[in-house]
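**Student:** Input: one structure, supplied below.
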Amino acid sequence: MIPRLLEKYRNVVVPEMIERFKFKSRMEAPRLEKIVINMGIGKASEDIKILEAVVQDLALISGQKPVITRAKKAIANFKIRKGMPVGCKVTLRKERMYEFFDRLINITLPRIRDFRGVSPNAFDGQGNYTLGISEQSIFPEIEIDKVKHVQGMDIVIVIKAKNTEQSRELLRLFGMPFRS
Numbered sequence: 738m739i740p741r742l743l744e745k746y747r748n749v750v751v752p753e754m755i756e757r758f759k760f761k762s763r764m765e766a767p768r769l770e771k772i773v774i775n776m777g778i779g780k781a782s783e784d785i786k787i788l789e790a791v792v793q794d795l796a797l798i799s800g801q802k803p804v805i806t807r808a809k810k811a812i813a814n815f816k817i818r819k820g821m822p823v824g825c826k827v828t829l830r831k832e833r834m835y836e837f838f839d840r841l842i843n844i845t846l847p848r849i850r851d852f853r854g855v856s857p858n859a860f861d862g863q864g865n866y867t868l869g870i871s872e873q874s875i876f877p878e879i880e881i882d883k884v885k886h887v888q889g890m891d892i893v894i895v896i897k898a899k900n901t902e903q904s905r906e907l908l909r910l911f912g913m914p915f916r917s
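Count along the sequence shown starting at 1, add 737, and that's the number in the working numbering.
Here's what the structure looks like:
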């Protein structure tokens, strides 16, 4: 079954983008390439149980098994040695990416207390959008009672577009709640 957001992209978003930016082909329209979800574990790097809990939470949120990220080099001030686990990440593509993005903008973000919208200025130079979330318990897949360690995460939405304006318009058409 085709994800709802992918269908919306093909039938609504692309025609609107072609009309607004005067593209000659459907292939010129910006599109989502991948979504990378990263959770750093910080001080919990010494405790293997916290790492396992974080990996399990990220697997529930994303629907696929996370990869444990390790330190590339030793940093004495942070008490990190080379090869120590420092977090975990998941790269979502194709259908899973659209399903996660749909849940993010329609279910998860509105559950944040005092939510007024996401920042319209969190784009990097290439048109990718980065979103920081302070706790994993806002996701409906996570049971609040079982959370032992509150953990934040970074969500990077990689967009194949020519500039930031096109990326912002793509996310707006998908229904991303930008702050006004």
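Note that CB positions come from ideal geometry on N, CA and C, so glycine has one too.
1) Out of curiosity, what's the CA-to-CA distance linking residue 885 and residue 873?
2) Starting from the C-beta of residue 882, find all residues in its chain whose C-beta is less than 7 Å away, skip the five residues before and the five after it, and write them out in chain order.
3) Output needed for residue 832: all residues of its chain with C-beta closer than 6 Å, excluding positions within five of it in sequence on either side, in chain order.
4) Let's see if you can read the secondary structure: which residues bound the beta strand (DSSP E) around residue 770?
5) Please name the residue in 808, 828 and 838 whose C-alpha comes closest to that of residue 821.
6) Which residue from 764, 858 and 772 puts its Cα closest to that of residue 828?
7) Rounding to the nearest angstrom, what Cα-Cα distance links residue 777 and residue 906 in this structure?
8) Sorted by chain position, which residues of the same chain lie with C-beta nearer than 7 Å to residue 753's C-beta, five sequence neighbours on each side aside?
9) In the DSSP assignment, find the unbroken beta strand (DSSP E) run with residue 893 in it and report its ends.
10) Counting only runs of 3+ residues fully inside the stretch 774-838, write out the beta strand (DSSP E) ranges in chain order.
11) Would you give the residue range spanned by the alpha helix (DSSP H) that residue 901 belongs to?
**Tutor:** The relevant details are as follows:
1) Distance from the CA atom of residue 885 to the CA atom of residue 873, rounded to whole angstroms, is 11 Å.
2) For residue 882, where only same-chain residues beyond five positions count, there are no Cβ hits under 7 Å.
3) Within its own chain, the residues whose Cβ lies closer than 6 Å to the Cβ of residue 832, once the five positions on either side in sequence are excluded, are 740, listed in chain order.
4) Note, residue 770: beta strand (DSSP E), 768-777.
5) Comparing alpha-carbon positions, the option among 808, 828 and 838 lying closest to residue 821 turns out to be 808.
6) Comparing Cα positions, the closest option is 772.
7) Taking the straight line from one Cα to the other gives about 30 Å.
8) 910.
9) Start and end: 890-897.
10) Whole beta strand (DSSP E) segments, 3+ residues: 804-807 and 822-829.
11) In the DSSP assignment, residue 901 falls within the alpha helix (DSSP H) that extends over 901-911.
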